[in-house]
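Just below is one structure, and these are the notes that go with it.
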Amino acid sequence: MEEQLRPIHYLDHNVKEAFEHFASQLSQVRRAGISKATIGIELTEDEEPARTPVADLNSNLIKLNVNHLSYVWTCCYFFTGMQDLYYKAAMQDKPVVILEQTPVVNKMNHTFYWGRSLNSFHSEWPSNTVYPSSNEPYVEGANTIFLYAVCYLMFHELGHLVLHRDLTQFIQRVKGRYYEKTIDDVRRIRNMERQADSYALDCMLSTASDDRQRYMIAIGAIVGIFTMFYSLQNTDIRGGTHPDLDDRLKLVMKSIKLTEEYHSIHMQATSSIGLQTFLKLTETEFRPEGKNLSYADFKELEKDIFDLLSDTKAKYNQRWPFNFKPE
Ligand SMILES: [Zn+2]
680 MEEQLRPIHY LDHNVKEAFE HFASQLSQVR RAGISKATIG IELTEDEEPA
730 RTPVADLNSN LIKLNVNHLS YVWTCCYFFT GMQDLYYKAA MQDKPVVILE
780 QTPVVNKMNH TFYWGRSLNS FHSEWPSNTV YPSSNEPYVE GANTIFLYAV
830 CYLMFHELGH LVLHRDLTQF IQRVKGRYYE KTIDDVRRIR NMERQADSYA
880 LDCMLSTASD DRQRYMIAIG AIVGIFTMFY SLQNTDIRGG THPDLDDRLK
930 LVMKSIKLTE EYHSIHMQAT SSIGLQTFLK LTETEFRPEG KNLSYADFKE
980 LEKDIFDLLS DTKAKYNQRW PFNFKPE
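In the numbering used here, the protein residues as written are 680 to 1006.
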C-alpha cells in the first residue's frame, strides 16, 4: 500500500527552500553566526496536539511539528479568504461587514476550525476541507503567506539559537520542573523572547529589496502572531514568560515601514481583520461605549481593539496576577 502522506507535506520542500533563501541573503556576519552553529531543521510527525516550533540549544535544531504546520496553514488559508471577502463587502459600502454563509465561507470556517482543534488533539486532515494542494480559491495565496509566516516563526527560533547560546544553563535551570521562577527570571526570559522577535524581523527585512517584499514579510509575521492568538480559548493574551501577544503584534506594526500607501493600508487591514476575528472566536463583544461604529480607517479601528485588549489584560491582572508587566 502506498504510504499516506499528510497534506501539509505538499509544502515541505517550499518551506525549506524559502528558509534557505532568506538565510542566504543575510549579511556576512549573520550568515557566519548561523553556519558556525550548523543549524538544522527537524520536522516531527506524531499524533500529539500541535506544538509551536522550538529551538533546541543542545542539538542546534529548529524543531517543527506537522500538526502545528497544518494548523498554521489553515490560518493562512482562512486569512486569505477573509481578506478577499472583507474587501469585496467593503466595496459595497455596507456599514457593517457581515460575511454571508456561502459554500466558500463554510469551507473556510470548516477548515480553520479543524486546524484550531489540532491545538487540543490530533486528527487527520478531513477530506471535506481544503488542502494545500487543492485547486480552490485562496489556496495559492495561502501557500505563499504560509511560507512567510513559517519563516518568521523559524527565524524567531533561529534568533534563540544564535543569540542565546550562552544562556543554555540558565534556560535549563528555569525550565526545571521544581524550579520556581523569580520576577527577574521572567523578565530575563521575556527579554530573550523580544530579542528573538526583533531578530526575526531584522533578518527577514534585511533581505527585502522593495516595498512589496517588505509587505509580504509584514503579512507573514502578522499572520504568524495571529496563529498564537487563535490557539487561545479566551482573551487572556498575556504572555507569561513571553511578551503579551498584542505587544508582539505592535512590534511588527511599528518595525515595518512601508512606503506604498496601498501596502500600508493592506497591512493595517490584515491586523485589524485578524484582531476582529480573535474577538469573534472568543465571543468578545466589541462595542466601545459612546462610540459609533464607523471608523475613518483601519488604523482607528485597530486602536480601539488594542485599547479593548489592554483593558482586558488589566482585568485579568487584577483577578489573576500571575503575570509581570514588562519593565
Ligand atoms: Zn521564543
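Each residue gets a CB set at the ideal place from its N, CA and C atoms; glycine is no exception.
When the Cα atoms are used, what is the spatial distance from residue 995 to residue 791?
Going by the C-alpha atoms only, they are around 27 Å apart.
Using beta-carbon positions only, say whether residue 955 and residue 977 come within less than 8 Å of one another.
Contact flag unset, no.
As an exercise, report each continuous beta strand (DSSP E) stretch of at least 3 residues that is fully enclosed by the region 906-969, in chain order.
If we require 3 residues or more, the region 906-969 turns out to have no beta strand (DSSP E) run fully inside it.
Is the distance from the Cβ of residue 953 to the Cβ of residue 985 below 8 Å?
Cβ distance not < 8 Å, so residue 953 and residue 985 don't count as in contact.
Within 10 angstroms of its Cβ, does residue 700 collect 16 or more other Cβ (buried), or is it exposed?
Label assigned to residue 700: exposed.
Three-state secondary structure (DSSP) at residue 982?
Reduced to three states, the DSSP call for residue 982 is helix.
What residues in its chain sit with their C-beta under 7 Å from that of residue 755, if we drop five residues either side in the sequence?
Cβ within range, chain order: 821, 824, 825, 828, 902.
Should residue 786 be labelled buried (16 or more other beta-carbon atoms within 10 Å of its own) or exposed?
Buried is the call here.
Does the distance between the C-beta of residue 835 and the nearest non-hydrogen atom of ligand 1 fall short of 7 Å?
Correct: residue 835 has its Cβ closer than 7 Å to ligand 1.
Roughly how many angstroms separate the alpha carbons of residue 720 and residue 973, rounded to a whole number?
For residue 720 and residue 973, the distance between alpha carbons rounds to 46 Å.
Taking its Cβ as the centre, do 16 or more other Cβ atoms sit within 10 Å of residue 999, making it buried, or is it exposed?
With fewer than 16 other Cβ atoms within 10 Å, it is exposed.
Please identify the residue among 911, 868, 917, 929 whose C-alpha is closest to the C-alpha of residue 962.
When only C-alpha atoms are compared, the closest one is 911.
Can you tell me whether residue 800 sits near ligand 2, meaning its C-beta is under 7 Å from at least one heavy atom of the ligand?
In the structure on display, ligand 2 does not appear, and the ligands it does have are ligand 1.
For residue 741, does the count of other Cβ atoms within 10 angstroms reach 16, so buried, or fall short, so exposed?
Result: buried.
Bridge partners for residue 735 per DSSP, in chain order?
Paired residue(s): 740.
Should the region 685-693 be called in touch with the region 745-759, which here means at least 3 C-beta pairs below 8 Å?
A contact exists between the region 685-693 and the region 745-759.
Report yes if the C-beta distance between residue 722 and residue 745 is below 8 Å; otherwise report no.
The answer is yes: Cβ separation under 8 Å.
Cα separation between residue 832 and residue 876?
Residue 832 and residue 876: Cα-Cα distance of roughly 9 Å.
Please classify residue 779: does DSSP put it in a helix, a strand, or coil?
Coil, per DSSP.
Determine, using beta-carbon pairs with one atom in the region 796-805 and one in the region 691-700, whether at least three such pairs fall under 8 Å.
Taking 8 Å as the limit for Cβ pairs, the verdict is that the region 691-700 does not touch the region 796-805.
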